[in-house]
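Just below is one structure, and these are the notes that go with it.
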Ligand SMILES: Nc1ncnc2c1ncn2[C@@H]1O[C@H](COP(=O)(O)OP(=O)(O)OP(=O)(O)O)[C@@H](O)[C@H]1O
Ligand SMILES: [Mg+2]
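Residue numbers (the working numbering), protein chains in the order written: chain L, 1 to 278; chain P, 1 to 268.
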């Protein structure tokens with residue numbers, strides 16, 4: 001035991017990992033089974049019986065060919081890796097900016113009645129505007145380039161980040177705040193060690209919603225005008241009437257977004273060790 | 001001097017637009033370094049009294065003062081053990097106990113030593129790195145008590161601090177509290193439902209009436225304790241066997257029973 005009394009990292013982490021694997025084992029198999037069934041149905045309907053024509057939905061073979069094409073030789077001016085990286089970059093920029101601005105703003109609104117009084121009316125007015133409705137304005141301001149897309153992504157992610165951080169503060173048990181006051185905890189320590197950890201579960205709920213919103217908005221933004229990115233691939237494939245490439249583009253969005261969500265989950269567990277030991 | 005004085009304290013709560021008189025002209029004192037237990041039927045306003053002394057709640061009329069000054073805000077001169085423990089779920093046992101000391105700006109070495117002493121006193125060795133949710137209710141309560149004791153406050157405000165403990169641990173904690181208050185007497189306001197505990201620990205027991213809460217009687221236990229030399233007994237059960245003890249306990253029980261003719265049937 002170290003003097004700080006923190007758990008010895010390795011063994012605790014190992015234990016947690018073992019439990020996660022154990023817990024998820026039956027559900028992992030269930031998930032795999034669903035995939036197998038869906039894939040089989042896909043293969044049967046498009047390839048064996050050809051109930052679904054390839055003009056509507058591609059067969060597995062066509063999809064693989066489209067994948068090979070974009071991965072190796074490129075499609076819509078770049079290879080798949082470049083498109084993915086381009087989209088990821090925009091999402092990360094917008095998401096990071098939204099987190100950096102939205103979370104502190106939400107915390108401040110939750111912690112201070114006066115900040116809430118000043119900000120909330122404006123926020124309530126802006127909040128119902130769908131992020132995509134900002135696209136025209138973003139284009140007028142920043143043109144068709146990446147900056148406009150980052151702005152829209154920022155906006156889409158900003159709203160859930162603010163709302164959830166705000167209600168995260170509000171859901172802290174009042175007796176914990178009272179306990180801190182009785183202990184004479186000074187303001188800065190209170191923010192760092194009571195307010196933020198207390199709001200953290202909700203903050204992460206907000207960030208997960210933000211991340212989702214980022215991808216929705218990114219694809220929509222890139223559909224309208226872009227020189228690279230997964231949305232651009234989808235747009236180009238629809239112009240070319242190339243269903244297999246559309247499916248590849250959609251799958252790429254799904255997988256990339258899922259990887260980022262999983263990464264966020266890892267950060268979440270790291271940030272809240274007191275929850276993962278449950 | 002850190003006495004607690006309730007003077008003509010009345011508290012009205014609003015609920016659904018109606019006024020509820022909760023405390024009705026409460027007046028009593030906890031003298032400097034005196035241990036006063038507050039007993040009374042559930043909902044009579046014991047916690048409300050304690051919260052006023054803490055500075056977390058304020059009278060509708062009347063005054064609550066500590067050390068001669070009206071209580072205006074919470075502060076670390078008065079430590080509270082809350083009925084719901086109020087441990088920080090994201091802090092482990094060590095960090096929970098440490099939080100008040102760090103807030104005071106005490107140097108690390110001194111803190112470590114004092115925490116180690118509390119951890120041992122409360123029988124929490126080996127659990128320093130556990131989070132509250134990994135502990136039993138009784139252990140959580142001991143952490144909450146340690147967090148207050150470690151600050152060595154002038155005034156201790158304890159809201160059913162032993163409520164979640166099993167009978168054995170409870171007795172150990174009571175004996176510890178007695179020892180502590182002999183070595184280092186402080187002003188204690190102690191809420192409990194257990195009449196035994198009140199008589200065993202307190203210098204005086206304030207008995208409250210059911211809603212609206214009033215002080216029905218203040219029983220001077222210390223007088224009997226000294227006259228009957230309870231402190232020659234080492235163990236709780238020996239004291240509790242004394243005729244004088246049983247007599248006091250029964251007297252207080254009667255007062256409480258009179259308060260709640262309907263509830264007695266419901267609550268047993
Ligand atoms: N913030 C509040 N708003 C409205 N009513 C309140 C509030 N706090 C307490 N009350 C009411 O005041 C009364 C006394 O509450 P209090 O918690 O002081 O009782 P208690 O004697 O500590 O009871 P118990 O022994 O069950 O803990 C209760 O009827 C309760 O409903
Ligand atoms: Mg109470």
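Positions of the beta carbon are idealized from the N, C-alpha and C atoms, including for glycine. Note that the structure is predicted; figures quoted are calculated from it, not measured.
So, for residue 61/L: in the same chain, excluding its five sequence neighbours on each side, which residues have a beta-carbon less than 8 Å away from its beta-carbon? Taking the first residue of the first chain as 1, we reach residue 61/L at position 61. Same-chain partners within the cutoff: 47.
Would you say residue 179/L faces chain P, with C-beta separation under 7 Å as the test? Position 179 of the first chain, counted from the first residue, corresponds to residue 179/L. By this cut-off, residue 179/L is an interface position.
Taking C-alpha atoms, which residue in 90/P, 115/P, 212/P and 241/P lies nearest to residue 97/P? As a first step, residue 97/P is located in the second chain; it is residue number 97 there, counting from the start. The shortest Cα separation from residue 97/P among 90/P, 115/P, 212/P and 241/P belongs to 115/P.
Specify whether the stretch 10-23 of chain P and the stretch 64-81 of chain P touch according to this definition: at least 3 beta carbon pairs, one from each stretch, less than 8 Å apart. Contact check between the stretch 10-23 of chain P and the stretch 64-81 of chain P: fewer than three CB pairs, one atom from each, fall below 8 Å, which does not count as touching.
Assess, as a yes-or-no matter, whether the stretch 44-57 of chain P is touched by the stretch 116-136 of chain P under the definition of 3 or more beta carbon pairs within less than 8 Å. Judged by pairs of C-beta atoms under 8 Å, the stretch 116-136 of chain P does not touch the stretch 44-57 of chain P, as fewer than three such pairs exist.
Could you give the distance in angstroms between the alpha-carbon of residue 207/P and the alpha-carbon of residue 80/P? For the purposes of this step, residue 207/P is taken as the residue at position 207 of the second chain. For the purposes of this step, residue 80/P is taken as the residue at position 80 of the second chain. Rounded to the nearest angstrom, the two C-alpha atoms are 21 Å apart.
Starting from residue 206/P, trace the beta strand (DSSP E) in both directions and tell me its first and last residue. Locating residue 206/P in the second chain gives position 206, counting from the first residue. Here the beta strand (DSSP E) through residue 206/P covers 204-208.
Excluding the 5 residues flanking residue 146/L on each side, which residues of the same chain have their C-beta closer than 7 Å to its C-beta? Here residue 146/L refers to the residue found at position 146 of the first chain. 90, listed in sequence order.
Contact set for residue 248/P: own chain, Cβ-Cβ below 7 Å, skip 5 residues either direction: Within the second chain, numbered from 1, the residue matching residue 248/P stands at position 248. In the same chain as residue 248/P, and ignoring 5 residues on each side of it, the C-beta atoms closer than 7 Å to its own belong to 199, 219, 221 and 224, in chain order.
State yes or no: is the beta carbon of residue 207/L nearer than 7 Å to at least one beta carbon in chain P? Position 207 of the first chain, counted from the start, is the residue given in the question as residue 207/L. No, residue 207/L does not count as interfacial toward chain P.
Excluding sequence positions up to five away, which residues of its chain have a Cβ less than 6 Å from the Cβ of residue 230/P? Locating residue 230/P in the second chain gives position 230, where the first residue counts as 1. Within the same chain, residue 230/P has close Cβ partners 239.
Which residues have their C-beta within less than 7 Å of a heavy atom of ligand 2, listed in chain order? 46/P, 47/P, 83/P, 159/P, 160/P and 191/P
Put residue 269/P into one of helix, strand or coil per three-state DSSP. Given that chain P is displayed from residue 1 to residue 268, the structure contains no residue 269/P and the question cannot be resolved.
DSSP-derived helix/strand/coil call for residue 138/L: Within the first chain, numbered from 1, the residue matching residue 138/L stands at position 138. Annotated three-state conformation of residue 138/L is helix, per DSSP.
Show which residues of chain P have a CB atom less than 9 Å away from the CB atom of residue 184/L. The sequence position of residue 184/L within the first chain is 184, counting from 1. Those within 9 Å of residue 184/L in chain P are 74, 75, 76, 77, 100, 103, 104 and 151.
Cβ-based burial, residue 241/P [other Cβ within 10 Å; buried from 16]: In the second chain, counting from the first residue as 1, residue 241/P sits at position 241. With fewer than 16 other CB atoms across the displayed protein chains lying within 10 angstroms of its CB, residue 241/P is exposed.
Could I get the ranges of all uninterrupted alpha helix (DSSP H) runs contained in the stretch 25-78 of chain L, with 4 residues as the minimum, in chain order? 60-68
Going by DSSP in three states, residue 95/L sits in which element: helix, strand or coil? For this step, residue 95/L is matched to residue 95 along the first chain. In the structure shown, the three-state DSSP call for residue 95/L is helix.
Minimum Cβ-Cβ distance from residue 42/L to chain P less than 7 Å: Taking the first chain and counting its residues from 1, one reaches residue 42/L at position 42. So, not an interface residue.
Give a yes or no on whether the C-beta atoms belonging to residue 188/P and residue 156/P are separated by under 7 Å. Position 188 of the second chain, counted from the first residue, corresponds to residue 188/P. Position 156 of the second chain, counted from the first residue, corresponds to residue 156/P. In contact: residue 188/P and residue 156/P (Cβ atoms closer than 7 Å).
Can you pull the chain P residues whose beta carbon is under 9 Å from the beta carbon of residue 189/L, in chain order? Here residue 189/L refers to the residue found at position 189 when the first chain is read from its first residue. Neighbours of residue 189/L across chain P, judged by C-beta separation under 9 Å: 99, 102 and 103.
Can residue 121/L and residue 90/P be called in contact, C-beta distance under 7 Å? As a working note, residue 121/L is residue 121 in the first chain. As a working note, residue 90/P is residue 90 in the second chain. Their beta carbons are not under 7 Å apart, which means residue 121/L does not touch residue 90/P by this criterion.
Do residue 162/L and residue 110/L have their beta-carbon atoms positioned less than 7 Å apart in this structure? Locating residue 110/L in the first chain gives position 110, where the first residue counts as 1. Locating residue 162/L in the first chain gives position 162, where the first residue counts as 1. In terms of Cβ geometry, residue 110/L and residue 162/L do not form a close pair [threshold 7 Å].
Would the beta-carbon of residue 58/P be found less than 6 Å away from any heavy atom of ligand 1? Translated into positions along the second chain, residue 58/P becomes position 58. No, since every heavy atom of ligand 1 falls outside the 6 Å radius drawn around the Cβ of residue 58/P.
Counting contacts by CB-CB distance shorter than 7 Å, is residue 118/P in contact with chain L? Position 118 of the second chain, counting from 1, holds the residue named residue 118/P. It does not: the Cβ of residue 118/P has no partner Cβ on chain L nearer than 7 Å.
Option in 230/L, 67/L, 268/L and 143/L with minimal Cα separation from residue 216/L: On the first chain, position 216 is the one that residue 216/L refers to. Of the candidates 230/L, 67/L, 268/L and 143/L, 230/L places its Cα closest to the Cα of residue 216/L.
Taking Cβ positions, are residue 172/L and residue 94/L nearer each other than 7 Å? Residue numbering aside, residue 172/L sits at position 172 when the first chain is read from its first letter. Residue numbering aside, residue 94/L sits at position 94 when the first chain is read from its first letter. Taking 7 Å as the Cβ cut-off, residue 172/L and residue 94/L do not qualify as a contacting pair.
Note the first and the last residue of the continuous beta strand (DSSP E) segment covering residue 198/P. Along the second chain, read from residue 1 onward, the residue named residue 198/P stands at position 198. Residue 198/P -> not in any beta strand (DSSP E); alpha helix (DSSP H) instead, spanning 195-201.
Please work out which residues of its chain come closer than 8 Å, Cβ to Cβ, to residue 47/P, disregarding the five sequence neighbours upstream and downstream, and give them in chain order. In the second chain, counting from the first residue as 1, residue 47/P sits at position 47. Counting only Cβ-Cβ distances below 8 Å, and skipping sequence neighbours, we find 83, 159 and 191.
Pairwise C-alpha distance: residue 218/L and residue 266/L: As a working mapping, residue 266/L is identified with position 266 in the first chain. As a working mapping, residue 218/L is identified with position 218 in the first chain. The alpha-carbon atoms of residue 266/L and residue 218/L are separated by roughly 23 Å.
Which word fits residue 73/L, buried or exposed, when buried means at least 16 other C-beta atoms lie within 10 angstroms of its C-beta? Position 73 of the first chain, counted from the start, is the residue given in the question as residue 73/L. Classification for residue 73/L: exposed.
Residue-level contact to chain L via CB, residue 89/P, 7 Å cutoff: The residue labelled residue 89/P in the question sits at position 89 within the second chain. So, interface residue.
Between the C-alpha atoms of residue 195/L and residue 201/L, what's the straight-line distance to the nearest angstrom? Translated into positions along the first chain, residue 195/L becomes position 195. Translated into positions along the first chain, residue 201/L becomes position 201. In a straight line, the C-alpha of residue 195/L is about 11 Å away from that of residue 201/L.
Examine chain L for any beta-carbon lying closer than 7 Å to the beta-carbon of residue 64/P, and answer yes or no. As a working note, residue 64/P is residue 64 in the second chain. Under the 7 Å criterion on CB atoms, residue 64/P is classed as non-interfacial with respect to chain L.
Just the Cα atoms here: how many angstroms apart are residue 197/P and residue 161/P? Here residue 197/P corresponds to residue number 197 of the second chain, with the count starting at 1. Here residue 161/P corresponds to residue number 161 of the second chain, with the count starting at 1. When rounded, the distance between both Cα atoms is 11 Å.
Taking 6 Å as the cut-off, does the CB of residue 279/P come closer than this to any heavy atom belonging to ligand 1? Nothing about residue 279/P can be read from this structure; chain P reaches only from 1 to 268.
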